[in-house]
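Read through the structure below, which is laid out as structure tokens, and then see the notes.
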RNA sequence: GCCCGGGUGGUGAAAUCGGCAGACACAGCGGACUUAAAAUCCGCAGACUCUAAACGGUCGUGGGGGUUCAAGUCCCCCCCCGGGCACCA
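Numbering (our numbering), first residue to last: 1 to 869.
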């Protein structure tokens, strides 16, 4: 019994994150100002550090831990560098899982969501993430609550008034599992973004759209200036926008009593003399017209429509074999008056360009394949130069940059590129065409046939207004009426039974559905679709700057101060979803006129820099429940502590790369933290004592110098990484090297060969360096060393280049590029000295003997290479 | 097909500007401490080869070629893995 007591008092304290971490979290939670952003007139440089907000599933994923560990390290670093930091967090709280949960467990979506939020907030706090949850200005945003979504509705009204929100019937993507429509961006290679085993169907529905295409060109051009965004994301967005310059050309239908015209879209109007047919999409309106009195054609067309639909749903539209059918009609080429046959072909898409093309088999791969199959004429109109025999060129020839036109009437001899411009202008003068720009990007369909989302603030007046309210901007033809701002928020009714019946759940809630028309007071029906949840996430980071505002979405002055976001961090999977919508929304807000004529925001881009972190994988595969390879953050924290879990997430791989989660690695980091804890705690009492004394002067021993050198090298390395490369894995490793160095000097320290002042500087520096990566341990050690105040507000250490400088350099010596040995020379040695020192080595002399020294390469601080023959 | 990433020990990785390949860890092996184990500490550790052992030698960053005194790094060709786009006229 006695023995055990002795052990307890004499053994050094052990590192116990399970005890340390909750104790500190409780203290931090009790201090609302700790992580609160300062007012916009604080005078400090601002830094807006943002991580993508999570969907509150109720369980933090290990991928979140990685994302937030990166952001947290950066935010803490910026605080230590004296910035006014905004580091907010919120909840992307609308969406289908809440309805599914309601269906499964009979829990109301709101209660389910709010309970999940509470659980996840707790997890984030347990991780020690530096979010301000508790101050009076806490930025926390919950998108499913009326104080947030009312502003979605407000923006919707502004966009409706500005012609940016409109209703139309069109072919839309339908996910049978979500039981709702999806935007194009939410369909990934033909499957639903939420259900990767669910093929998306095409349906004809009337839907609300946001006119993102109005900004297509600006969104594309903006990419060029966004140097802080990864090239990959910019390229993906550029591909998605898909700008293409071309020409519309009208072809008259030959001998047609109603003077029908077919407008084709082409990027190669210069090849129009080689057009040997017109090809129409099966769903082109004129095809439907002709099919009306041609049963055979109708049957063919129907088959092609079905084929295209199936291919599109299968996600491989290029896979279907080209086929077509002649309509028996022909069209007149306005450039040369020639008649060309009109066909319907399954490779022509109705929703791109005009759904009609001029087919130029000689100079287009697809047209060539089609013409070869059906024996259509193939006519060359391009050569690499005028003198060339046309037959020399292998077909199809699609070059344009260095090619010229042949056999193209008055255009013969023109270069292709110039001809494109001139011929478009010619068509415009002749009234049968014009230059144009088309985009692959389509307007954003925002209607969702779901309950758990923002109600769309529109009503349908039963009287239809019949022209009684001329000029009222709230009214569209057919009685589509915008609610006034004073009617906001349109509250989502709480008592809604979630069923699997089709259609919008809100349409079955009579008390919601029936209302009065704000214009005429007559009976009206509310819009019962809700908004896409990507609306919520398109502007949440503006709300963070002023989350409690109940008069406006946010205060323009605050947004002006905080924006653009200095660093946005999240997964690359949102490259053409959230990230393109956010750029659109920022421009919309910029263009919303306030009373003084200025926009709601001044910036056009939301974020200065974007960082996309890699995935966390396990056993070489993406984690998923079905594979059973999910890593639980809670379990990691329980076993190793939050600091070790976070630090491992940063240590195991550079942040932009995928990370293979290995629990043994977390254990290793935990061992490292124990070592730090033991070392610092051992000397903490002496350091505490020393704080009240004058620094001791006197000469530094070699041990002092080595420790200080290593400290300052580490400070320099980590400081540099924070501002550039973000290789936090090597930051952690350099801290380990520093700690190994201190441990290696433990005997010297115990023997009194290291000054207390040195120990103070080194251990204090170590704890400061640790603070962004292991905040709990840093706080614990900081206090143990006797320092007052939060370690996260202490100044970041400054590397002293003089102290960091090596006194001697290890110089590898090579003969003919092969390493012979490594010599040590004083750091300031010049080339001659280094060369002489190298040549003096016995091993080197042996290899030079009897040879001709052809060349000597001496690179200061790098190596010596003797080239001999 | 086109456009991005990536390919380095048993594993995660490092090498930032063309200059010692494998830092720092994990796993492994050997040793100390212990009655024993855990924990901790010390040491070994790319492959092949020579040797009793040591000292050595050869090869080595997906493959092939090139530039250079020197290549994981630059250039050309090719293979594999991951991602994006794709009858977009």
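Heads up, the beta-carbon is just placed ideally off N, CA and C, and yes, glycines get one too. No experiment lies behind these values; they were computed from the predicted model shown.
Practice problem: Could you name the residues that DSSP lists as bridge partners for residue 208? | Solution: Counted from its first residue, the first chain places residue 208 at position 208. Residue 208 pairs with 167.
query = What does residue 870 pair with, by DSSP beta-bridge criteria?
reply = The chain is shown only over 1 to 869; residue 870 falls outside these bounds and no answer can be derived.
Going by the DSSP bridge assignment, what does residue 447 pair with across the sheet? Here residue 447 refers to the residue found at position 447 when the first chain is read from its first residue. Looking at the DSSP assignment, residue 447 forms a beta bridge with 531.
- Apart from the five residues just before and just after residue 18, which ones in its own chain have a Cβ nearer than 6 angstroms to its Cβ? Locating residue 18 in the first chain gives position 18, counting from the first residue. Nothing meets the Cβ criterion.
- In the DSSP assignment, what are the bridge partners of residue 895? A query on residue 895 cannot be resolved here, the shown segment of the chain reaching from 1 to 869 and no further.
Can you pull the DSSP bridge partners for residue 434? Indexing the first chain from 1 puts residue 434 at position 434. In DSSP, residue 434 forms a bridge with 248.
- request: Go ahead and label residue 39 buried or exposed: buried means 16 or more other beta carbons lie within 10 angstroms of its beta carbon, across all protein chains shown.
  value: If you number the first chain from 1, residue 39 lands on position 39. Residue 39 should be labelled exposed.
Residue 334 and residue 249 closer than 8 angstroms at C-beta: Counting from one through the first chain, the residue named residue 334 turns up at place 334. Counting from one through the first chain, the residue named residue 249 turns up at place 249. Cβ distance < 8 angstroms, so residue 334 and residue 249 count as in contact.
| DSSP three-state call for residue 738: helix, strand or coil? | Reading the first chain from its first residue, position 738 is the one you call residue 738. Correct three-state label for residue 738: helix.
Quiz item: In the DSSP assignment, what residue or residues form a beta bridge with residue 90?
Solution: Numbered from 1 along the first chain, position 90 holds the residue referred to as residue 90. Partner(s): 141.
Would you say residue 535 and residue 152 are within 8 angstroms of each other, going by their C-beta atoms?
Taking the first residue of the first chain as 1, we reach residue 535 at position 535. Taking the first residue of the first chain as 1, we reach residue 152 at position 152. Yes. Within cutoff.
Query - Unbroken alpha helix (DSSP H) run spanning residue 582, endpoints - result: Walking along the first chain from the start, residue 582 turns up at place 582. Where residue 582 is concerned, the enclosing alpha helix (DSSP H) stretches over 578-591.
(Q) Check whether the stretch 429-438 and the stretch 234-247 are in contact - that is, three or more C-beta pairs closer than 8 angstroms. (A) yes
- Sequence-distant residues of the same chain with beta carbon closer than 7 angstroms to residue 704, five excluded per side: Taking the first chain and counting its residues from 1, one reaches residue 704 at position 704. Once the five neighbours on either side are set aside, the close Cβ partners of residue 704 are 754, 755, 758.
Residue 844 to residue 61, Cα distance in whole Å? As a position in the first chain, residue 844 is number 844, starting the count at 1. As a position in the first chain, residue 61 is number 61, starting the count at 1. Cα to Cα, the separation comes out at about 58 angstroms.
Problem - Distance CB(residue 766)-CB(residue 738) smaller than 8 angstroms - result: Indexing the first chain from 1 puts residue 766 at position 766. Indexing the first chain from 1 puts residue 738 at position 738. The answer is yes: Cβ separation under 8 angstroms.
> Can you tell me whether residue 42 is buried or exposed, with buried defined as 16 or more other CB within 10 angstroms of its CB?
Replying inline: Taking the first residue of the first chain as position 1, residue 42 is located at position 42. Residue 42 comes out exposed.
By how many angstroms is the C-alpha of residue 514 removed from the C-alpha of residue 467? Locating residue 467 in the first chain gives position 467, counting from the first residue. Locating residue 514 in the first chain gives position 514, counting from the first residue. Confidence at residue 467 is low in this model, with a pLDDT of 49, below 50, so the placement of that residue is unreliable and no value is reported for it.
Once the 5 residues before and after residue 852 are set aside, which same chain residues still bring their CB inside 6 angstroms of it? Walking along the first chain from the start, residue 852 turns up at place 852. Result list for residue 852: 869, in chain order.
Handout entry: DSSP bridge partner residues for residue 553 (one or two, in chain order)
Key = Position 553 of the first chain, counting from 1, holds the residue named residue 553. Residue 553 is not bridged to any residue.
For residue 353 and residue 400, the rounded distance between their alpha carbons:
Taking the first chain and counting its residues from 1, one reaches residue 400 at position 400. Taking the first chain and counting its residues from 1, one reaches residue 353 at position 353. If you take the alpha carbons of residue 400 and residue 353, they lie about 21 angstroms apart.
message = Taking the alpha carbon of residue 289 as the reference point, which residue from 260, 278, 304 has its own alpha carbon closest?
response = Position 289 of the first chain, counted from the start, is the residue given in the question as residue 289. For residue 289, the nearest C-alpha among the options comes from 260.
Would you mind reading off the limits of the beta strand (DSSP E) that contains residue 515? Residue mapping note: residue 515 aligns to position 515 of the first chain, counting from 1. Counting along the chain, the beta strand (DSSP E) containing residue 515 begins and ends at 514-516.
Quiz item: Any idea what DSSP makes of residue 867, helix, strand or coil?
Solution: If you number the first chain from 1, residue 867 lands on position 867. The answer is strand: DSSP assigns residue 867 an E or B state.
(request) Check the C-beta distance from residue 570 over to residue 51 and give it rounded, since I have them as a contact under 8 angstroms. (result) Locating residue 570 in the first chain gives position 570, where the first residue counts as 1. Locating residue 51 in the first chain gives position 51, where the first residue counts as 1. Sure, about 6 angstroms apart at Cβ, within 8 angstroms.
Would you decide whether residue 113 is buried or exposed? Buried here means 16 or more other CB atoms lie within 10 Å of its CB.
What you label residue 113 is simply residue 113 of the first chain in a count that begins at 1. The residue in question, residue 113, is buried, as its Cβ has 16 or more Cβ neighbours within 10 Å.
Per-residue DSSP class, three states only, for residue 288: The residue you call residue 288 lines up with position 288 of the first chain. Residue 288 falls in the helix class under three-state DSSP.
Put residue 277 into one of helix, strand or coil per three-state DSSP.
For the purposes of this step, residue 277 is identified with residue 277 of the first chain, where counting begins at 1. Strand at residue 277.
By DSSP, does residue 731 sit in helix, in strand, or in coil?
Translated into the one-based positions of the first chain, residue 731 becomes position 731. DSSP places residue 731 in helix when its eight states are reduced to three.
_Can you tell me whether residue 522 is helix, strand or coil according to DSSP?_
Indexing the first chain from 1 puts residue 522 at position 522. Here residue 522 sits in coil by DSSP.
Helix, strand or coil at residue 760 [DSSP, three-state] = As a working note, residue 760 is residue 760 in the first chain. The answer is helix: DSSP assigns residue 760 an H, G or I state.
Roughly how many angstroms lie between the CA atoms of residue 229 and residue 291, to the nearest whole one? The sequence position of residue 229 within the first chain is 229, counting from 1. The sequence position of residue 291 within the first chain is 291, counting from 1. So the two alpha carbons sit approximately 50 angstroms from each other.
Practice prompt. Inspect the beta-carbon positions of residue 760 and residue 659 and report whether they are closer than 8 angstroms.
Written response: Working through the first chain from its first residue, we reach residue 760 at position 760. Working through the first chain from its first residue, we reach residue 659 at position 659. Not closer than 8 angstroms, so no.
(message) Can you tell me whether residue 607 sits near the ligand MN, meaning its C-beta is under 7 angstroms from at least one heavy atom of the ligand?
(response) Absence of the ligand MN from the depicted structure is noted, as is the absence of any ligand whatsoever, leaving it without description.
If I measure Cβ to Cβ from residue 47 and keep anything under 6 angstroms in the same chain, skipping five residues before and after, which residues do I get?
Within the first chain, residue 47 is the residue found at index 47, counting from 1. Within the same chain, residue 47 has close Cβ partners 78, 83, 85, 566.
Going by DSSP, what residue range makes up the beta strand (DSSP E) through residue 182? Position 182 of the first chain, counted from the first residue, corresponds to residue 182. Residue 182 -> beta strand (DSSP E) spans 180-182.
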